[in-house]
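What follows is a short report on a single structure.
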């Protein structure tokens, strides 16, 4: 019984170490993600959470990736602003030596989202078919550089 208890304890410690250790994270950490929230009138809110490096690589921006550089919020606001897009909040965080931006964008018409450069890599469709609302997003190639 004592050996079984010790084996169980060692197994638990190994699992906890693997889950919390740098090499074996239980959850994957993102570099870029977009969350889209829709209203039935076709408006919506888009949340973009991205490292500065991922924005440069995927979206073709040229924000300063130096770990000591401050996030240029005015430039981020300008990049995500447009006739259909209204930036309502920008925050920044740091993970290890990487800087991240978190942008909330209010969208007047989700069907026109792909017309703006930051979201031109996707096409968006939002229709009503009888009693159902249908949202479709088709992803294209990244707009950035290799």
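In our numbering, the protein residues as written are 612 to 757.
Glycine included, C-beta positions come from ideal geometry on N, C-alpha and C.
| Asked | Found |
| --- | --- |
| Nearest candidate by alpha-carbon position, reference residue 714, set 689, 732, 735 and 668 | 689 |
| C-alpha gap between residue 705 and residue 682, whole angstroms | 10 Å |
| Buried versus exposed call for residue 721 [16 or more other C-beta atoms within 10 Å across all chains shown] | buried |
| CB contact flag (residue 696, residue 718, <8 Å) | yes |
| Every unbroken alpha helix (DSSP H) within the segment 670-752, with a cutoff of 4 residues, ordered by chain | 684-691 |
| N-terminal and C-terminal residue of the beta strand (DSSP E) that residue 646 is part of | 643-649 |
| Contact check, residue 648 vs residue 661, beta carbons under 8 Å | no |
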